[in-house]
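Novice:
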Amino acid sequence: MDSNNSRADPDVRQAVDRIAAMCDTRFTTKVELDAVSTTCSTLHFNFDFEEERSRRMSSNTTLNPTEIDLEQGSSRPQATAKLEDTCATLSYEDIREREATHPVPPKTSTRVRRYLQWSFFSVYRRLFSFVFTINVSILVGLLAQKTRSGAGLTLANAATATSANLCVAISFRNEHVVNLLFLVATSIPHSWPLSVRRIFAKIYGYGGIHSGCGVAAVAWYLVFVGLVTRDFLDGALKSRTVIAITYVILSLLISILVFAHPYMRMRLHNYFENVHRLAGWTAVGLFWAQTIVIGTVAAKDDEEALSKVLVQTSTLWFLIVITCCIVYPWARMRSRKVRPEYLSEHAIRLHFDYARVGIGYALRLSDTPLKETHSFATIANPERQNGFSVVISNAGDWTKRMIQNPPDRLWVRGTPTIGVLRVALLFKCVVIVATGSGIGPCLSLFNSKPDHPVRILWSTPNPEATYGKGIIDAVLRADPNAVIVDTRKTGRVDMVSLTYSLYEEANAEAVVIISNPKVTRKVVYGMDTRGIPAFGPIFDS
200 MDSNNSRADP
210 DVRQAVDRIA
220 AMCDTRFTTK
230 VELDAVSTTC
240 STLHFNFDFE
250 EERSRRMSSN
260 TTLNPTEIDL
270 EQGSSRPQAT
280 AKLEDTCATL
290 SYEDIREREA
300 THPVPPKTST
310 RVRRYLQWSF
320 FSVYRRLFSF
330 VFTINVSILV
340 GLLAQKTRSG
350 AGLTLANAAT
360 ATSANLCVAI
370 SFRNEHVVNL
380 LFLVATSIPH
390 SWPLSVRRIF
400 AKIYGYGGIH
410 SGCGVAAVAW
420 YLVFVGLVTR
430 DFLDGALKSR
440 TVIAITYVIL
450 SLLISILVFA
460 HPYMRMRLHN
470 YFENVHRLAG
480 WTAVGLFWAQ
490 TIVIGTVAAK
500 DDEEALSKVL
510 VQTSTLWFLI
520 VITCCIVYPW
530 ARMRSRKVRP
540 EYLSEHAIRL
550 HFDYARVGIG
560 YALRLSDTPL
570 KETHSFATIA
580 NPERQNGFSV
590 VISNAGDWTK
600 RMIQNPPDRL
610 WVRGTPTIGV
620 LRVALLFKCV
630 VIVATGSGIG
640 PCLSLFNSKP
650 DHPVRILWST
660 PNPEATYGKG
670 IIDAVLRADP
680 NAVIVDTRKT
690 GRVDMVSLTY
700 SLYEEANAEA
710 VVIISNPKVT
720 RKVVYGMDTR
730 GIPAFGPIFD
740 S
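Letter by letter, the sequence shown follows residues 200 to 740 in my numbering.
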């Protein structure tokens with residue numbers, strides 16, 4: 200080997216080793232190795248294949264031939280090693296230069312005020328508090344009325360309040376309700392003030408209404424349990440069946456509440472899903488039984504027809520709506536053909552051709568629907584072609600199984616649901632930030648709205664090797680000057696600083712980030728506390 204290259208990169212040497220292991224021809228040739236490094240230098244080697252192949256075979260080194268790209272020359276054999284991604288990515292020096300050009304300004308206000316405004320009192324928590332406060336006010340009013348006149352808080356009131364809150368909570372998980380909320384919120388024209396559009400863009404915090412009503416329903420049911428228990432002990436209620444059903448429902452509701460807590464939900468997600476689904480179904484079934492049994496007792500006491508008593512019961516009508524909302528997505532579940540596109544051992548792209556989707560939609564997929572269902576953002580095909588795709592990265596047992604054993608069919612449940620990325624349409628120019636497979640959801644915007652002004656920041660290890668040239672090309676079509684950071688070369692970068700520099704450079708109106716929870720919170724908080732509108736998925740999105 201030439202002395203000039205004695206200090207070659209270890210990656211280059213490894214590539215030469217791989218080529219030597221693959222070559223069976225006994226000859227000596229020149230190998231040109233284009234090493235994409237942080238200095239963008241090109242290294243040239245003279246290399247004895249036979250000697251190196253013998254050395255590698257004698258050491259029993261196992262090499263991966265799929266990482267080598269061999270091309271046969273016209274005059275004599277030639278081998279070319281593709282060491283790293285060929286797409287242009289930022290070097291460490293480029294990152295430092297960007298950060299120096301647009302230094303991040305200090306955060307506004309005091310630390311306590313920032314925490315209260317941007318963390319503790321998030322839109323999700325504000326909606327939760329609003330809903331729960333309304334319920335507490337109604338309960339206090341009924342208790343005050345009962346104290347003054349002896350009327351007010353009754354079994355019927357508590358049952359109605361419980362079923363009404365459950366109805367609203369479950370309705371806010373219906374795909375069409377969610378889609379309607381997003382479509383209305385994102386239809387605001389760009390001529391409206393940025394401050395107004397910024398408020399509407401927080402629509403993805405709607406989950407606060409779901410959880411607020413859910414917790415309020417459990418609180419009302421505790422009141423109902425107390426009243427039923429009192430009547431049973433006083434002898435006014437003699438049905439042991441009602442008492443038994445009442446306490447079973449209470450245990451189910453408390454179980455749902457415990458596993459729905461963000462701490463439990465993040466750490467025991469599969470348990471959360473199963474408890475939420477199975478305990479929820481059981482509770483609704485028991486609510487039906489409880490309503491009918493109580494109606495039967497009331498009809499017998501009042502000497503009226505059961506049908507008449509039930510029709511006059513508000514809980515019955517709420518239960519009908521609740522049941523329809525639960526059954527609907529399962530009634531629309533279909534087994535769909537899938538065309539898998541293997542990207543790497545870390546990611547796979549699944550193509551569907553049965554429908555066309557819009558911007559920011561997500562789909563629930565499963566191979567065992569009753570056991571677990573996973574939501575993935577859809578990527579609309581470009582130029583309004585029929586079909587779409589989803590990118591699945593290795594993030595757990597299920598996703599790993601999908602990558603290692605690609606399916607030819609999957610169950611699709613319900614209707615595609617709009618997610619956070621849709622709010623990008625509210626802004627004239629927006630910075631799209633993604634890490635890893637978070638680029639997948641962003642492609643729906645790039646493909647469906649190719650003319651929408653965007654700047655892109657994508658940080659991921661080995662972007663082209665992991666996600667393929669097709670995704671790289673889609674990113675560069677949307678933003679020819681996209682900032683792509685290969686973290687295999689640079690290590691972890693300051694996403695807040697890079698996001699801010701791109702925001703200033705593009706003179707954008709907002710930032711939308713699709714990433715893991717930790718990075719999302721950091722970037723959104725870093726932008727919000729500097730007066731920049733920023734949006735990203737929350738734990739409930």
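Just so you know, even glycine gets a beta-carbon here, dropped at the ideal spot from N, CA and C.
To which residues of the same chain is K721 closer than 8 Å at the C-beta, ignoring the five residues directly before and after it?
Specialist: Stepping through the sequence shown from its first residue, residue 721 is reached at position 522. The answer, listed in chain order, is M694, V695.
Novice: Let me confirm a value: G725 is counted as buried when at least 16 other C-beta atoms fall within 10 Å, else exposed. Which label applies?
Specialist: The count along the sequence shown starts at 1 and reaches residue 725 at position 526. Burial call: buried.
Novice: Spell out the partners DSSP gives Y541 in its beta bridges.
Specialist: Numbered from 1 along the sequence shown, position 342 holds the residue referred to as residue 541. Partner(s): I547.
Novice: If you check the beta carbons only, do S534 and W597 fall under 7 Å apart?
Specialist: For the purposes of this step, residue 534 is identified with residue 335 of the sequence shown, where counting begins at 1. For the purposes of this step, residue 597 is identified with residue 398 of the sequence shown, where counting begins at 1. In this structure, W597 does not lie closer than 7 Å to S534 by Cβ.
Novice: Return helix, strand or coil for V457, following the three-state DSSP convention.
Specialist: As a first step, residue 457 must be located in the sequence shown, where it is residue number 258. Looking at V457 - three-state DSSP - the assignment turns out to be helix.
Novice: Applying the 10 Å Cβ sphere with the 16-neighbour rule, what's the burial state of C524?
Specialist: For this step, residue 524 is matched to residue 325 along the sequence shown. So C524 counts as buried.
Novice: Taking the C-alpha atoms as reference points, what is the distance between C412 and H301?
Specialist: Taking the first residue of the sequence shown as 1, we reach residue 412 at position 213. Taking the first residue of the sequence shown as 1, we reach residue 301 at position 102. Taking the straight line joining both Cα atoms gives about 45 Å.
Novice: Which word fits V409, buried or exposed, when buried means at least 16 other C-beta atoms lie within 10 angstroms of its C-beta?
Specialist: Within the sequence shown, numbered from 1, the residue matching residue 409 stands at position 210. Checking the displayed sequence, the identity of residue 409 turns out to be His instead of Val. When all chains shown are included, H409 counts as buried.
Novice: Helix, strand or coil for D685 per DSSP?
Specialist: Here residue 685 refers to the residue found at position 486 when the sequence shown is read from its first residue. Of the three classes helix, strand and coil, the one that applies to D685 here is strand, per DSSP.
Novice: Indicate the three-state DSSP secondary structure (helix, strand or coil) for F738 in the structure shown.
Specialist: As a working mapping, residue 738 is identified with position 539 in the sequence shown. In this structure, F738 counts as coil in the three-state DSSP scheme.
Novice: With 16 other CB atoms within 10 Å as the buried threshold, where does G479 fall?
Specialist: Locating residue 479 in the sequence shown gives position 280, counting from the first residue. Its Cβ being crowded by 16 or more others within 10 Å, G479 is buried.
Novice: Thinking just about the alpha-carbon of each residue, which of R729, A733, G407, F327 is nearest to the one in T307?
Specialist: As a first step, residue 307 must be located in the sequence shown, where it is residue number 108. Nearest C-alpha to T307: R729.
Novice: Would C641 pass as a contact of A707 if the rule is Cβ separation under 7 Å?
Specialist: Taking the first residue of the sequence shown as 1, we reach residue 641 at position 442. Taking the first residue of the sequence shown as 1, we reach residue 707 at position 508. The answer is no: Cβ separation not under 7 Å.
Novice: Can you give the beta carbon distance from I617 to Y560, rounded, assuming they're within the 8 Å contact cut?
Specialist: The residue given as residue 617 occupies position 418 in the sequence shown. The residue given as residue 560 occupies position 361 in the sequence shown. Right, their Cβ atoms sit about 6 Å apart.
Novice: Answer with buried or exposed for S506, where buried requires no fewer than 16 other C-beta atoms within 10 angstroms of its C-beta.
Specialist: Mapped onto the sequence shown, residue 506 falls at position 307. Per the 10 Å Cβ criterion, exposed.
Novice: From E472 to P528, what does the alpha carbon distance come to, in whole angstroms?
Specialist: Within the sequence shown, numbered from 1, the residue matching residue 472 stands at position 273. Within the sequence shown, numbered from 1, the residue matching residue 528 stands at position 329. Whole-angstrom Cα-Cα distance: 15 Å.
Novice: Just checking my contact of P606 with V537 at CB under 8 Å: how many whole Å lie between their CB atoms?
Specialist: Position 407 of the sequence shown, counted from the first residue, corresponds to residue 606. Position 338 of the sequence shown, counted from the first residue, corresponds to residue 537. Correct: roughly 6 Å between the Cβ atoms.
Novice: Given this structure, state the Cα-to-Cα distance separating G484 from V508, to the nearest angstrom.
Specialist: The residue you call residue 484 lines up with position 285 of the sequence shown. The residue you call residue 508 lines up with position 309 of the sequence shown. Spanning the two alpha carbons is a distance of roughly 19 Å.
Novice: So, helix, strand or coil for M256, using DSSP?
Specialist: Numbered from 1 along the sequence shown, position 57 holds the residue referred to as residue 256. Confidence at M256 is low in this model, with a pLDDT of 38, below 50, so its placement is unreliable and the value that follows should be read with caution. In the structure shown, M256 sits in a helix (DSSP, three-state: H, G or I).
Novice: Does any CB atom of chain B fall closer than 7 Å to the CB of L609?
Specialist: You won't find chain B in this structure, because it holds only one protein chain.
Novice: How do the stretch 367-385 and the stretch 399-409 stand: do at least 3 beta-carbon pairs fall below 8 Å, yes or no?
Specialist: yes
Novice: Cα separation between I294 and A623?
Specialist: On the sequence shown, position 95 is the one that residue 294 refers to. On the sequence shown, position 424 is the one that residue 623 refers to. Whole-angstrom Cα-Cα distance: 25 Å.
Novice: In its own chain, which residues sit with a C-beta less than 6 Å from the C-beta of S513, not counting the 5 before and 5 after it?
Specialist: Residue mapping note: residue 513 aligns to position 314 of the sequence shown, counting from 1. If we look at S513 and ignore the five residues flanking it on each side, its Cβ neighbours are T359.
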